[in-house]
Amino acid sequence: MKQYKKLGLLSSAVALLSVAACTTMDTGMYGSFPITVKNYSGKSTNSVSYTGQIARHTLHESLKKLAGKGNGKSNPVLKAKMMSYYAGKDAGRTILSPTGSASFPIMQSGVDQISKKKNLAGKTYKGTITGMPNQMTGPDLVKFWIGKASSAKKGQDQANGYDYPQLISKFIMGAVFYNQVVDGYLDENLSAKKKPNNKPYKKGAAYTGKEHSWDEAFGYFGAPAHVMSLSAKQVYEIAKKGSKSTPKSNALAYADINKDGKVNLYGEMTHSPAYYAASFDKGGKTSYLKNISKAFLDGRLLLASAGGKTLSDGQREKLRAYAAVIESNWEKSLAEAVFKYAGSVYKDLKSIKAKGSNAKSLKNYIKHWGELKGFSLSLQAGRKNLGETAVKLNRLIGAGPVMPNSSQVTDIDSKGNYVKSQSSGIDNYMLHMLKVQKLLIDKMGVTAQSNNSVANMGAMLKSLGSGAAAEND
Amino acid sequence: MENLVSWLVTDYFSGLLDTFVDPKKRVSIVYLASAIILALAWSFFVNKKNKNQALRQVIKQLFSKKIWFSPSVRTDLLMVVINRAIMLTFSPLLLSRIALTTGLFYLLNDYFGSSHGILISLPYWAAPFGYTLFLFFFDDFTRFLVHKAFHQIPFLWTIHKVHHSAEYLTPFTVYRTHPLEGIIFTLRSIFVQAITISFFVFLFAGKIDLVSIYGVNFLLFLFNVTGANLRHSHFNISYGTFLEKFFISPAQHQIHHSVSEKHRDKNFGAILAIWDLFGKSLCLSRPNQKIKFGVKNIENLDLNKISIIYIYPFIEMGKSILEIVTRTKKVQ
Numbered sequence: 016m017k018q019y020k021k022l023g024l025l026s027s028a029v030a031l032l033s034v035a036a037c038t039t040m041d042t043g044m045y046g047s048f049p050i051t052v053k054n055y056s057g058k059s060t061n062s063v064s065y066t067g068q069i070a071r072h073t074l075h076e077s078l079k080k081l082a083g084k085g086n087g088k089s090n091p092v093l094k095a096k097m098m099s100y101y102a103g104k105d106a107g108r109t110i111l112s113p114t115g116s117a118s119f120p121i122m123q124s125g126v127d128q129i130s131k132k133k134n135l136a137g138k139t140y141k142g143t144i145t146g147m148p149n150q151m152t153g154p155d156l157v158k159f160w161i162g163k164a165s166s167a168k169k170g171q172d173q174a175n176g177y178d179y180p181q182l183i184s185k186f187i188m189g190a191v192f193y194n195q196v197v198d199g200y201l202d203e204n205l206s207a208k209k210k211p212n213n214k215p216y217k218k219g220a221a222y223t224g225k226e227h228s229w230d231e232a233f234g235y236f237g238a239p240a241h242v243m244s245l246s247a248k249q250v251y252e253i254a255k256k257g258s259k260s261t262p263k264s265n266a267l268a269y270a271d272i273n274k275d276g277k278v279n280l281y282g283e284m285t286h287s288p289a290y291y292a293a294s295f296d297k298g299g300k301t302s303y304l305k306n307i308s309k310a311f312l313d314g315r316l317l318l319a320s321a322g323g324k325t326l327s328d329g330q331r332e333k334l335r336a337y338a339a340v341i342e343s344n345w346e347k348s349l350a351e352a353v354f355k356y357a358g359s360v361y362k363d364l365k366s367i368k369a370k371g372s373n374a375k376s377l378k379n380y381i382k383h384w385g386e387l388k389g390f391s392l393s394l395q396a397g398r399k400n401l402g403e404t405a406v407k408l409n410r411l412i413g414a415g416p417v418m419p420n421s422s423q424v425t426d427i428d429s430k431g432n433y434v435k436s437q438s439s440g441i442d443n444y445m446l447h448m449l450k451v452q453k454l455l456i457d458k459m460g461v462t463a464q465s466n467n468s469v470a471n472m473g474a475m476l477k478s479l480g481s482g483a484a485a486e487n488d
Numbered sequence: 393m394e395n396l397v398s399w400l401v402t403d404y405f406s407g408l409l410d411t412f413v414d415p416k417k418r419v420s421i422v423y424l425a426s427a428i429i430l431a432l433a434w435s436f437f438v439n440k441k442n443k444n445q446a447l448r449q450v451i452k453q454l455f456s457k458k459i460w461f462s463p464s465v466r467t468d469l470l471m472v473v474i475n476r477a478i479m480l481t482f483s484p485l486l487l488s489r490i491a492l493t494t495g496l497f498y499l500l501n502d503y504f505g506s507s508h509g510i511l512i513s514l515p516y517w518a519a520p521f522g523y524t525l526f527l528f529f530f531d532d533f534t535r536f537l538v539h540k541a542f543h544q545i546p547f548l549w550t551i552h553k554v555h556h557s558a559e560y561l562t563p564f565t566v567y568r569t570h571p572l573e574g575i576i577f578t579l580r581s582i583f584v585q586a587i588t589i590s591f592f593v594f595l596f597a598g599k600i601d602l603v604s605i606y607g608v609n610f611l612l613f614l615f616n617v618t619g620a621n622l623r624h625s626h627f628n629i630s631y632g633t634f635l636e637k638f639f640i641s642p643a644q645h646q647i648h649h650s651v652s653e654k655h656r657d658k659n660f661g662a663i664l665a666i667w668d669l670f671g672k673s674l675c676l677s678r679p680n681q682k683i684k685f686g687v688k689n690i691e692n693l694d695l696n697k698i699s700i701i702y703i704y705p706f707i708e709m710g711k712s713i714l715e716i717v718t719r720t721k722k723v724q
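Pasting the structure below:
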């Protein structure tokens, strides 16, 4: 009789567990997953946690904001503040971005409210950044830019053509978020030895090694937990905090899944990698956001079903397959961004060439170049070496933009000063941008192709009609 | 079966309907209507007929039973339907327009990179007008060249003869063409579009808009709306000796369709007559010219029989190739 009772209890537990799993599956939320750690004694009921990653998203956004605060003179205070967001672990750091508004209230105002003692420097790609002079590592480069940004006027160096908020931000998107995920969490962490699934991540944790590793990777991607129930456009609108929504309150409605009237930066907000993926997908030609999110979710379901046991080779193989989807889609979304900004740079140069440069056109050009360069370095911060494609990208884009007077930064001396030389001019640089776009189509298979400088021709052909007719005089 | 039905509905019939609606097509309803109006006006104002006589003339020359119930016109109409299906099947297999255009564009950049965007600072209207005019002239010139080739190269004439075998002309005679001719003309159009677009995007570094009316090159629209359909009709409109040196009138194109030896290989031009003028193949029209349309039918074939129309050119082509081979052997 006792045995039957036990069996009954067990089967109800299994039923409950499967209901929980089904609920997750039904709603497609990356919100709550059951605790599978054996003998867990804590109070938590959810094994999902990626607060550190969300804290880093806010550090990244805030650092970008700070990088644009300079007044053109040396500013050690600003530099120290930027360093505290990049490399510090100080308590009490305010979230400078994203910040809330009446139509889009945000729950947290301090980084510590999400997670304490986090920084970006420790998680920045440590390899050599070959796309910039002087053999700097990832953290070296960010620190170099932080130094420059602190003394630039509103973040821009108009003589040399650098926009530091853009360079820093777009580079971090690859050198931290993308790199951490594809080169760490979804690479060696999926091996049999590392982060085992039959043990808690650390003593007393509510999650196993593999579960937590997977969750943190999802956190770096920065999609809202309910991403699968949103369209790419809605995910994009959330990141824009209502500025691209009509009415403005729509963004809050899309984000605020628990209906508490506030947007939780953890789980309800769109952060930069997911934002960029969504921004391409909303054009309808790609589905990077959904592919990545679904792979994360499917992987998490698999981990939940493993029930805290060591993963079999087959299970790890499946996880690797999901990881491959995440990696290739993420890589493509970065390539799309490089493509997009190569197109913007091309357009800016065209306008400068036709109308001459003025403060506004120069500012736009430098900003777009910063985005182009930052993303192109990000693209190279993945797990694999892009080889010839990377070499070509770096040569075509150069260490700095070609300025209207044809000068271009080609080196950085030992004191950190820019060394400039005469380039072959902006006409040639425009061609470089076309070649960047062609390279990305040929080698990276970009398909959204925003700002395609050559796509114009497709539209022009269309306007002429097909010409395919057996119609003749 | 399902595929066939969806193909018929979404591709075939919609395309067929487009033929009569799309202002890019010669036989679009707008141009057909404007041709009738023009014929009426011509009869009334130029031929000085009264209203009733004008109406009678137009009905007789454009709508007579003799024309519309002739085997020739029945064949034309059948070919509209058949050719549409053939072209729909084969045209996607031809050269990709976008690939050729971008390929040419990159080629221009590779070889003449320093000239990229060289015309960027011209006034804003220069690009669209330059582009539209260039396209018009280049298109018309290549039409002339290919058309001339169809007449003067024996092997191509076997194909083009299909078009000239029409004994009665109606606007639908433009579709009385062998599909091989359709394919060659499609390729011509692809090259013209690709060369023009790649060249202009290269020079102006960006998208250029066509100067258009209802989405059609405005010059082409003017041509079509001013009675282009009367070229294939029995209605005789001439432009006079001066204008006919610049523009091919309907009467001049009717000369091109004449069976008479003296009219052989004349007026290859589509819109402009200047190519024929330079090429010494221009023939001006005469008032009240009486022309018999068609081709010499030495073999006495039924040139309105669909099977003969579609298959016979291949047999003739085979014959002419065989002839060349035997001749070469003899020479050896």
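Note that the protein sequences, when read in sequence, are chains A and B. Read in our numbering, the first sequence has 366 at position 351, and its numbers run on one by one without any break. Read in our numbering, the second sequence has 459 at position 67, and its numbers run on one by one without any break. We put the CB at the ideal spot given by N, CA and C, even for glycine. None of these values were measured; they are calculated from a predicted model.
query = Lys344/A CB to nearest chain B CB: under 8 Å?
reply = One point to set straight first is that residue 344/A is Asn, not Lys, in the sequence displayed. Output row for Asn344/A: interface = no.
ask   = With 16 as the cutoff for other CB atoms within 10 Å, does Thr38/A come out buried or exposed?
value = Any answer about Thr38/A is weak, because its pLDDT of 41 lies below 50 and its placement is not dependable; what the coordinates show is given next. With fewer than 16 Cβ atoms within 10 Å of its Cβ, Thr38/A is classed as exposed.
Residue(s) in a DSSP beta bridge with Leu759/B = With chain B covering 393 to 724 only, the question about residue 759/B has no answer from this structure.
ask   = Out of curiosity, what's the CA-to-CA distance linking Ala36/A and Ser348/A?
value = Note on Ala36/A: pLDDT 43, under 50, position unreliable in the model; no value is reported.
task = Would you check if the distance between the CB atom of Tyr361/A and the CB atom of Glu386/A is smaller than 8 Å?
result = no
task = Sort Asp532/B, Arg489/B, Tyr503/B by Cα distance to Asp668/B and report the nearest one.
result = Asp532/B
query = Quick one, which of Ala240/A, Ser130/A, Gly323/A, Ile121/A has its alpha-carbon nearest Asn213/A's?
reply = Gly323/A
query = Got a sec, what are the start and stop residues for the alpha helix (DSSP H) Thr718/B sits in?
reply = Looking at the DSSP string, the run of the alpha helix (DSSP H) that includes Thr718/B is 698 to 723.
ask   = Run through DSSP, which three-state label would Phe627/B get?
value = coil
Contact set for Leu317/A: own chain, Cβ-Cβ below 7 Å, skip 5 residues either direction = Gln330, Lys333, Leu334
request  = Tell me where the beta strand (DSSP E) around Val434/A begins and ends.
outcome  = 433 to 437
ask   = Taking all protein chains shown into account, do 16 or more other C-beta atoms lie within 10 angstroms of the C-beta of Gly431/A, making it buried, or fewer, making it exposed?
value = exposed
query = Are Tyr523/B and Ile587/B touching if we call contact CB-CB under 8 Å?
reply = no
task = May I ask you to report which of helix, strand or coil DSSP gives Thr425/A?
result = strand
key: Asn194/A in three-state terms, based on DSSP   = Correct three-state label for Asn194/A: helix.
ask   = Nearest to Asp457/A by CA position, among Ser468/A, Ala247/A, Thr404/A, Ser436/A, is which residue?
value = Thr404/A
ask   = Which residue comes first and which comes last in the alpha helix (DSSP H) that contains Val584/B?
value = 571 to 596
key: Cutoff 8 Å; reference Met98/A; Cβ partners in own chain excluding five residues on either side   = Lys158, Ile161
ask   = Should Asn501/B be flagged as near chain A, meaning a C-beta pair shorter than 8 Å?
value = yes
C-alpha distance - Asp410/B paired with Ser398/B, whole-angstrom precision = 17 Å
ask   = Cα-Cα, which of Asn696/B, Lys721/B, Arg719/B, Ile707/B is closest to Thr467/B?
value = Closest by C-alpha distance to Thr467/B, out of Asn696/B, Lys721/B, Arg719/B, Ile707/B, is Asn696/B.
ask   = How many angstroms separate the CA atom of Asn475/B from the CA atom of Arg418/B?
value = 15 Å
task = Have a look at the DSSP bridge pairing and note the partners of Val608/B.
result = Ile605/B
6 Å Cβ shell around Val63/A - same chain, five flanking residues per side excluded = Phe48, Asp230
query = What residues in its chain sit with their C-beta under 8 Å from that of Pro705/B, if we drop five residues either side in the sequence?
reply = Counting only residues of its own chain and dropping the five nearest sequence neighbours on each side, Pro705/B has a CB closer than 8 Å to the CB of Thr550, Ile551, Lys553, Val554, His570, Leu572.
request  = Pick out whichever of Phe436/B, Val450/B, Ser420/B has its Cα sitting closest to the Cα of Ile428/B.
outcome  = Between Ile428/B and the set Phe436/B, Val450/B, Ser420/B, the nearest pair of CA atoms involves Val450/B.
inquiry  = Give me the residue from Gly67/A, Ser130/A, Phe233/A with the minimum Cα distance to Leu304/A.
reply    = Phe233/A
key: N-terminal and C-terminal residue of the alpha helix (DSSP H) that Val360/A is part of   = 328 to 370
query = What are the complete alpha helix (DSSP H) segments, minimum 4 residues, inside the segment 520 to 560 of chain B?
reply = 546 to 556
inquiry  = For Val451/A, report the span of its alpha helix (DSSP H) as first-last.
reply    = 441 to 454
Cβ-based neighbour list, Glu358/B, same chain, cut-off 6 Å, excluding 5 preceding and 5 following = Look at the range of chain B in this structure, 393 to 724, and you will see that residue 358/B is not part of it.
query = Are the C-beta atoms of Leu447/B and some chain A residue less than 8 Å apart?
reply = no
query = Does the beta carbon of Val417/A sit closer than 8 Å to a beta carbon anywhere in chain B?
reply = With 8 Å as the cut-off, Val417/A does not count as an interface residue toward chain B.
message = To be precise: take each residue of the segment 484 to 511 of chain B, compare its Cβ to all Cβ atoms of chain D, and keep it if any distance is under 7 Å. Which residues remain?
response = The question asks about chain D, but that chain is absent: this structure's protein chains are A and B.
task = Could you tell me how far apart the beta carbons of Val191/A and Thr139/A are, in whole angstroms, since I believe they sit closer than 8 Å?
result = 5 Å
inquiry  = Closest to Ala350/A by C-alpha separation, out of Thr325/A, Asn466/A, Asn61/A, Pro239/A, would be which residue?
reply    = Asn466/A
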